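Protein sequences appear in the order of chains A and B.
Count along the first sequence from 1, then add 860; that gives the number in the numbering used here.
Count along the second sequence from 1, then add 860; that gives the number in the numbering used here.
There are 2 protein chains.
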Amino acid sequence: MGDEQVAAPTKQRRISQRGIATRERILEAANRLMFVRGVNATTLDDVREASQTSKSQLYHHFADKQELVRALVKYRGALVLQRERGGLERLRSFSGLVRWRNALVQANSLNNGKYGCGLGSMAVELSDQDEQARSMLLETFAAWEKLISDGLHRMRDSGALRQDADPEKLATGLMAALQGGYLLANAAHNVAPMEVALDMALEHIKSFLSEPSGEPTR
Amino acid sequence: MGDEQVAAPTKQRRISQRGIATRERILEAANRLMFVRGVNATTLDDVREASQTSKSQLYHHFADKQELVRALVKYRGALVLQRERGGLERLRSFSGLVRWRNALVQANSLNNGKYGCGLGSMAVELSDQDEQARSMLLETFAAWEKLISDGLHRMRDSGALRQDADPEKLATGLMAALQGGYLLANAAHNVAPMEVALDMALEHIKSFLSEPSGEPTR
DNA sequence: CACAGCGGGGACCAAATAGTCCAGGAAAAG
DNA sequence: CTTTTCCTGGACTATTTGGTCCCCGCTGTG
């Protein structure tokens, strides 16, 4: 009867700069810790200590641990996609793919193959445990693969790749090789298997390159 | 001074049939539960309940959770290797590889891609957490890859594969594609990415098959 | 049948860990 | 400057979970 609220005001909470910074600090700490120890093996107390915050802040910014983890999935996904956009957005040639491969290998070799892929390891840990996290990770993988397949499409359009190349499948295969490579490298504490895996995938893509000159073999 | 024991009697515990059966029951339950929920997300109470045993039995047969997990790594590794030996021991042709691929895909499609590889998911969860488990998993992966590379060696020796094929690298690439495929299939709850990944790896191996007739292209 | 030692049930304990609360301080709005 | 709302510190609670203990039963052996 009284003043009904039209177009619900959403109870918009004011948010201060300091609050944003704290939230960011928590996420950043969770990101680091859960990268090296895994999600389930990291406690909120670890995060609290590493982020120099207190319990109440954790629960002020995140409803519970699950929410923190989900926020981390989003956070890490954004990081990876941003990084990958840099390396793949202008991909137009096979040598660009090789450079991309080298960058990933070099980054992973800095920790001797340890820890694996920030996205892949979360996918393994969370897929059977948090449906929402799984679906976010799935989307992120899709976006990542799309960065690759878009590049491959450009290569096909420019004639570098043959018409019978399937950019989507090639991208999926490359992503699988990358993730499998991360996994084996992590188990071996050695980046070598990841190199072999990526090289296999690149070799496979190479087999779809147009003949530089001369008529096709068949 | 007194009666020093020569050649320590090892305090050999008698072990009854019933004891063996209980231990097996525990391992089998842990295997099932940790396969679907993950290792860290499975509690000892879950295992106790699922195996119809009691706390004291768990600790009678395993020193602590870590030991149980390590025993599971061994147990599961033995299962996988046994299964794979069946499919790979007589591998002599490319079509054999295809059959092997189909069997894996079909098995995984029964759960819509969920849960991933029993070995791979443990590798992700444990590699950064239990050095001993990691090294056992590493050995198991090596043995698994060797089953593959042995088959490829046979194919090369028989002339099916060209001399410039590198069985070890091909096996590593195939294993990475498999593991990456499992991972993506798990995230997607769909076996399709695993198929694409395995097909890529098989296609790559195919490119090393000897020309059935006619002279080599180059 | 008696005895030794393994196997088992389940209560109990202790530590770790998630989650709550409230008072006080900082920052934005009026 | 005053008021309101947000942000923070940190003590406190509840629950989960790994791990211990004790006592009894079973089983095989002499």
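Glycine residues also receive a C-beta, built at the ideal position from the N, C-alpha and C atoms.
Note that the structure is a prediction, hence the values are computed from the model and not measured.
Between residue i and the rest of its own chain, which residues show a CB-CB distance below 6 Å, the 5 nearest in sequence each way excluded?
i, result
"B:R885", "S911"
"A:M1015", "L1021"
"A:R1105", "The first residue shown for chain A is 861 and the last is 1078, placing residue 1105 of chain A beyond what the model contains."
"B:A993", "R930, V933 and L986"
"B:Q942", "none"
"A:M1035", "E1005"
"B:I1065", "L1030"
Kindly list, in the order they appear in chain A, the residues whose Cβ is closer than 9 Å to that of residue i.
i, result
"B:E985", "G898, N900, A901, S981, V984 and E985"
"B:K934", "Within 9 Å Cβ-Cβ: nothing; B:K934 doesn't reach chain A, min ~15 Å."
"B:K925", "Those within 9 Å of B:K925 in chain A number zero; the least Cβ separation is about 13 Å."
"B:F954", "Near B:F954 there are no residues of chain A at all, since even the closest Cβ is about 16 Å away, more than 9 Å."
So, with DSSP's three-state summary, where would you put residue i?
i, result
"B:L951", "coil"
"A:L1058", "helix"
"A:L970", "coil"
"B:P1072", "coil"
"B:D990", "coil"
"B:I875", "coil"
"B:Q912", "coil"
"B:F922", "coil"
"A:H1064", "helix"
"B:V896", "helix"
"B:N1046", "helix"
Applying a beta-carbon distance threshold of less than 7 Å, which residues of chain A neighbour residue i?
i, result
"B:D988", "V896, R897, G898, K974 and Y975"
"B:F1068", "Those do not exist, as B:F1068 stays about 10 Å from chain A at its closest Cβ, beyond 7 Å."
"B:H921", "Going along chain A, no residue has its Cβ under 7 Å from B:H921, so there is no contact; the nearest lies around 24 Å."
"B:A1048", "L998"
Looking at residue j and residue i, is the spacing between their C-beta atoms short of 7 Å?
i, j, result
"A:S987", "B:A901", "no"
"B:S1070", "B:R1022", "yes"
"B:D905", "B:L893", "no"
"B:L1058", "B:G1041", "yes"
"A:G980", "A:H1049", "no"
"B:L948", "B:G1011", "yes"
"B:V965", "B:E1063", "no"
"B:V940", "B:V899", "no"
"A:V1051", "A:N968", "yes"
"A:G978", "A:R950", "no"
"A:V984", "B:V984", "yes"
In its own chain, which residues sit with a C-beta less than 8 Å from the C-beta of residue i, not counting the 5 before and 5 after it?
i, result
"A:M1060", "A1037"
"A:E944", "W1004 and L1007"
"A:Q918", "Strictly speaking, residue 918 of chain A in this sequence is Leu, with Gln absent from that position. Hits under 8 Å: I886, L904, V907, R908 and L928."
Run through chain B and tell me which residues come within less than 7 Å of residue i, C-beta to C-beta.
i, result
"A:V1063", "Here the sequence assigns Glu to residue 1063 of chain A, which means Val is not the residue at that position. Residues of chain B passing the Cβ test: H1064."
"A:P1053", "T1032 and A1036"
Give the residues of chain B in contact with residue i, contact being defined as C-beta atoms less than 8 Å apart.
i, result
"A:L1043", "G980, A983, V984, A1036, Q1039, G1040 and L1043"
"A:M1015", "Here the premise fails: no neighbours, minimum Cβ distance about 17 Å."
"A:R994", "A1047 and H1049"
For residue i, which residues of its own chain have a beta-carbon under 7 Å away from its beta-carbon, when the five flanking residues on both sides are left out?
i, result
"B:K934", "M996"
"A:A889", "V907, A910 and S911"
"A:P1053", "G1041, L1044 and A1045"
"A:A931", "L887 and F922"
"A:K915", "R908"
"B:P1027", "S1009, L1012, H1013 and R1016"
"A:G1019", "S1070"
"B:T913", "T882, R885 and I886"
"B:N891", "L932, Y935 and R936"
"A:Q1039", "C977 and G980"
"B:K925", "L904"
Can you check DSSP and say which residues form a bridge with residue i?
i, result
"A:L997", "According to DSSP, which records beta bridges pairwise, A:L997 is partnered with nothing at all."
"A:L1038", "The partner list for A:L1038 (beta bridge, DSSP) is empty, contrary to what the question assumes."
"B:L1021", "B:L1069"
Starting from the beta carbon of residue i, find every residue of chain A whose beta carbon is closer than 8 Å, and list them in chain order.
i, result
"B:V1056", "K1029, T1032, G1033 and A1036"
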